[in-house]
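In this note's numbering, the protein residues as written are 10 to 407. Glycine included, every Cβ here is placed at the ideal spot set by N, Cα and C. This one's a predicted model, so the numbers in the text were calculated from it and none came from an experiment. Everything below concerns the one structure shown next.
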């Protein structure tokens with residue numbers, strides 16, 4: 010009897026594995042790896058993994074539960090160029106994807122993609138974007154004789170203004186054409202929520218969202234598009250923040266209105282965000298100097314993993330209120346695209362300032378405003394603790 014039970018359990022486990030939805034990614038490579046023969050994958054909802062190129066081929070098997078972007082890079086590229094651009098494959102269903110005839114010296118982007126349609130179309134969009142960026146750069150060269158200058162160059166402002174105009178003209182039109190042509194593709198969601206956000210007005214984004222098929226609009230990523238547009242409008246300097254309630258680590262509800270009557274610094278962060286952690290020692294010094302019955306700090310994590318958030322809260326030991334964003338407040342309330350992102354709100358709930366990234370010199374717009382509001386509070390000893398360096402950019406959310 011026991012043998013039959015054990016056999017049944019083994020069969021049941023085998024059936025479970027067989028029934029698990031999977032994505033197979035295969036690739037073929039041209040060229041001599043010179044021993045640098047590994048290919049790596051990673052990304053949100055993707056376990057970091059590697060495969061070895063054998064006889065010019067490699068393959069991965071990745072469990073599928075919902076749409077995801079798998080990012081890839083090759084050891085050969087790292088060893089020979091010391092830098093790389095992540096190569097993304099957009100997966101919206103189980104199945105197989107092939108990336109064939111990759112030129113080892115030129116990188117993954119030379120491969121021909123076939124298989125799952127979202128992956129094929131997304132790579133086509135990315136390839137077309139490269140051509141479009143070349144048009145933008147050529148336009149700058151035609152007008153200024155150069156496409157890039159440092160910030161201290163007298164032409165910097167004029168060049169950046171022209172870049173914005175050309176980006177809307179060329180890249181904006183490219184996104185519009187792509188979404189209109191493929192309204193029922195997950196790749197169009199990524200085009201609109203990625204590149205589209207940087208080159209299209211909010212009204213244009215709304216109009217393109219309306220062109221997506223009802224099926225695409227109802228996906229998790231699709232629903233995020235109007236929420237983000239709402240967040241941009243809600244989080245403009247001078248806007249009044251709408252009340253919301255999130256739980257603290259001990260599961261107690263904490264409402265924004267609980268801070269009414271105080272200036273409030275809201276810091277969006279994540280347990281996996283290195284710049285966020287780099288900012289905390291200085292934030293603690295600022296908090297210690299300015300904390301009063303007129304000012305409070307409030308950290309909101311965008312973590313998807315609650316256990317990772319709770320562990321980081323304990324490790325970082327931040328001495329101000331904490332919550333986990335379980336209601337997508339970061340997007341529909343504040344349009345956060347990277348962490349750390351920090352807002353300063355006045356006692357009435359009006360947004361006064363916003364900072365993206367971390368300034369280790371303590372020269373952020375929010376710190377300058379705190380000095381305007383409360384005077385210089387950091388002591389000489391605390392000032393000496395300021396880490397030196399340039400502004401640390403926010404970690405972009407995928």
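Handout entry: Chain-order list of residues whose beta-carbon lies under 8 Å from that of residue 191 (same chain, five-residue window excluded)
Key = In the chain shown, counting from the first residue as 1, residue 191 sits at position 182. Within the same chain, residue 191 has close Cβ partners 130 and 197.
Exercise for the section: Determine, using beta carbons only, whether residue 230 and residue 76 come nearer to each other than 9 Å. Expected result: The residue given as residue 230 occupies position 221 in the chain shown. The residue given as residue 76 occupies position 67 in the chain shown. Going by C-beta atoms, residue 230 is nearer than 9 Å to residue 76.
Exercise for the section: Run the CB neighbour count on residue 9, radius 10 Å, all protein chains shown included, and call it buried at 16 or more, exposed below. Expected result: Given that the chain is displayed from residue 10 to residue 407, the structure contains no residue 9 and the question cannot be resolved.
Practice task
Check whether the Cβ atoms of residue 363 and residue 350 sit closer than 9 Å, and answer yes or no.
Solution key: As a working note, residue 363 is residue 354 in the chain shown. As a working note, residue 350 is residue 341 in the chain shown. Less than 9 Å divides the Cβ of residue 363 from the Cβ of residue 350.
Practice task
Closer than 6 Å by C-beta to residue 270: which residues in its own chain qualify, once you throw out the five before and the five after it? Chain order, please.
Solution key: Mapped onto the chain shown, residue 270 falls at position 261. Here the set comprises 356.
Problem - Pair within 9 Å by beta-carbon distance, residue 293 and residue 330 - result: Counting from 1 along the chain shown, the entry for residue 293 is found at position 284. Counting from 1 along the chain shown, the entry for residue 330 is found at position 321. Cβ atoms of residue 293 and residue 330: not closer than 9 Å.
Exercise for the section: Output the distance between the C-alpha atoms of residue 180 and residue 260, rounded to the nearest integer angstrom. Expected result: For the purposes of this step, residue 180 is taken as the residue at position 171 of the chain shown. For the purposes of this step, residue 260 is taken as the residue at position 251 of the chain shown. Looking at the two C-alpha atoms, the distance is approximately 45 Å.
Practice task
Please look up how many angstroms separate the CB atoms of residue 107 and residue 124, rounded, as I've assumed it's under 8 Å.
Solution key: On the chain shown, position 98 is the one that residue 107 refers to. On the chain shown, position 115 is the one that residue 124 refers to. Residue 107 to residue 124, Cβ: 5 Å. Contact.
Handout entry: Spatial neighbours of residue 31 in its chain, beta-carbon cut-off 8 Å, leaving aside the 5 residues before and after
Key = Counting from 1 along the chain shown, the entry for residue 31 is found at position 22. So the qualifying residues of the chain are 70, 71, 72, 73 and 103.
Exercise for the section: Identify the continuous beta strand (DSSP E) that holds residue 350 and give its terminal residues. Expected result: Looking up residue 350 in the chain shown gives position 341. Start and end: 350-354.
Problem - Nearest residue (CA-CA) to residue 280, options 348, 367, 189 and 366 - result: Counting from one through the chain shown, the residue named residue 280 turns up at place 271. Among 348, 367, 189 and 366, the Cα nearest to that of residue 280 belongs to 348.
Exercise for the section: With a floor of 4 residues, list each alpha helix (DSSP H) that falls wholly inside the segment 142-229, ordered by position along the chain. Expected result: 165-175, 182-190, 195-202, 204-208, 211-220 and 223-226
Exercise for the section: For the alpha helix (DSSP H) containing residue 60, list its first residue and its last residue. Expected result: Counting from 1 along the chain shown, the entry for residue 60 is found at position 51. Taken as a continuous stretch (DSSP letters only), residue 60 belongs to no alpha helix (DSSP H), being part of the beta strand (DSSP E) at 55-61.
Problem - Those residues which DSSP pairs with residue 379 across a bridge - result: The sequence position of residue 379 within the chain shown is 370, counting from 1. Within the DSSP bridge table, the entry for residue 379 names no partner.
Practice task
State yes or no: is the C-beta of residue 263 within less than 9 Å of the C-beta of residue 379?
Solution key: Your numbering for residue 263 matches position 254 in the chain shown. Your numbering for residue 379 matches position 370 in the chain shown. In this structure, residue 379 does not lie closer than 9 Å to residue 263 by Cβ.
Problem - Beta-carbon contacts of residue 177 that lie in its chain and below 7 Å, excluding the five residues immediately before and after - result: For this step, residue 177 is matched to residue 168 along the chain shown. Closer than 7 Å at the Cβ level, and outside the excluded window around residue 177, lie 208.
Handout entry: Own chain partners of residue 188 with C-beta closer than 8 Å, once the 5 adjacent residues on each side are dropped
Key = Indexing the chain shown from 1 puts residue 188 at position 179. 197, 200, 201, 205, 217, 220 and 221.
Problem - Burial state of residue 345, where buried means 16 or more other Cβ atoms lie within 10 Å - result: As a first step, residue 345 is located in the chain shown; it is residue number 336 there, counting from the start. That one is buried.
Problem - Length of the line joining the Cα atoms of residue 93 and residue 387 - result: As a position in the chain shown, residue 93 is number 84, starting the count at 1. As a position in the chain shown, residue 387 is number 378, starting the count at 1. When rounded, the distance between both Cα atoms is 41 Å.
Practice task
Have a look at residue 170 and residue 151 and give me their C-alpha separation to the nearest angstrom.
Solution key: Here residue 170 refers to the residue found at position 161 when the chain shown is read from its first residue. Here residue 151 refers to the residue found at position 142 when the chain shown is read from its first residue. Distance between the alpha carbons of residue 170 and residue 151: 15 Å.
Practice task
Measure how close the beta-carbons of residue 81 and residue 48 come, nearest whole angstrom, since I'm counting them as under 8 Å.
Solution key: Here residue 81 refers to the residue found at position 72 when the chain shown is read from its first residue. Here residue 48 refers to the residue found at position 39 when the chain shown is read from its first residue. Contact holds; Cβ gap of about 6 Å.
Exercise for the section: Pull up the DSSP beta-bridge partners for residue 256, would you. Expected result: By one-based count along the chain shown, residue 256 stands at place 247. DSSP lists 262 as partners of residue 256.
Practice task
Please say whether residue 203 and residue 360 have beta carbons closer to each other than 9 Å?
Solution key: Start at 1 with the first residue of the chain shown, and residue 360 comes out as number 351. Start at 1 with the first residue of the chain shown, and residue 203 comes out as number 194. No. Outside cutoff.
Practice task
Give the DSSP-derived three-state secondary structure of residue 284 in the structure shown.
Solution key: Taking the chain shown and counting its residues from 1, one reaches residue 284 at position 275. Residue 284 falls in the helix class under three-state DSSP.
Handout entry: Within 9 Å, strictly: CB atoms of residue 288 and residue 343
Key = The residue labelled residue 288 in the question sits at position 279 within the chain shown. The residue labelled residue 343 in the question sits at position 334 within the chain shown. Contact flag unset, no.
Practice task
With a cut-off of 8 Å on the beta carbons, I'd call residue 40 and residue 113 a contact; round off their distance for me.
Solution key: As a working note, residue 40 is residue 31 in the chain shown. As a working note, residue 113 is residue 104 in the chain shown. Indeed, because the Cβ distance is near 3 Å, the residues count as touching under 8 Å.
Practice task
Classify residue 387 as helix, strand or coil using the three-state DSSP reduction.
Solution key: Numbered from 1 along the chain shown, position 378 holds the residue referred to as residue 387. Here residue 387 sits in coil by DSSP.
Practice task
Compare the C-alpha of residue 337 against each of 148, 65 and 310 and name the closest.
Solution key: Start at 1 with the first residue of the chain shown, and residue 337 comes out as number 328. Among 148, 65 and 310, the Cα nearest to that of residue 337 belongs to 310.
Exercise for the section: Please classify residue 159: is it buried, with 16 or more other beta-carbons within 10 angstroms of its beta-carbon, or exposed? Expected result: Reading the chain shown from its first residue, position 150 is the one you call residue 159. When all chains shown are included, residue 159 counts as exposed.
Exercise for the section: With DSSP as the reference, label residue 126 as helix, strand or coil. Expected result: By one-based count along the chain shown, residue 126 stands at place 117. Of the three classes helix, strand and coil, the one that applies to residue 126 here is helix, per DSSP.
Practice task
Output the distance between the C-alpha atoms of residue 408 and residue 121, rounded to the nearest integer angstrom.
Solution key: The question about residue 408 has no answer, for the chain in this structure spans 10 to 407.
Practice task
Report the residue from 316, 333, 318 and 291 whose alpha carbon sits nearest the alpha carbon of residue 369.
Solution key: Here residue 369 refers to the residue found at position 360 when the chain shown is read from its first residue. The option with the nearest alpha carbon to residue 369 is 291.
Exercise for the section: Kindly list the residues whose CB is nearer than 7 Å to the CB of residue 241, restricted to its own chain and excluding five residues on each side of it in sequence; keep chain order. Expected result: On the chain shown, residue 241 is found 232 positions in, with the first residue counted as 1. Taken in chain order, the residues that qualify are 211 and 344.
Handout entry: Residue closest to residue 193, alpha-carbon to alpha-carbon, out of 226, 183 and 165
Key = For this step, residue 193 is matched to residue 184 along the chain shown. It is 226 whose Cα lies nearest to the Cα of residue 193.
Problem - Cut-off 8 Å between Cβ atoms - residues of its own chain near residue 46, not counting five sequence neighbours on either side - result: Start at 1 with the first residue of the chain shown, and residue 46 comes out as number 37. Result list for residue 46: 61, 62, 63, 84 and 85, in chain order.
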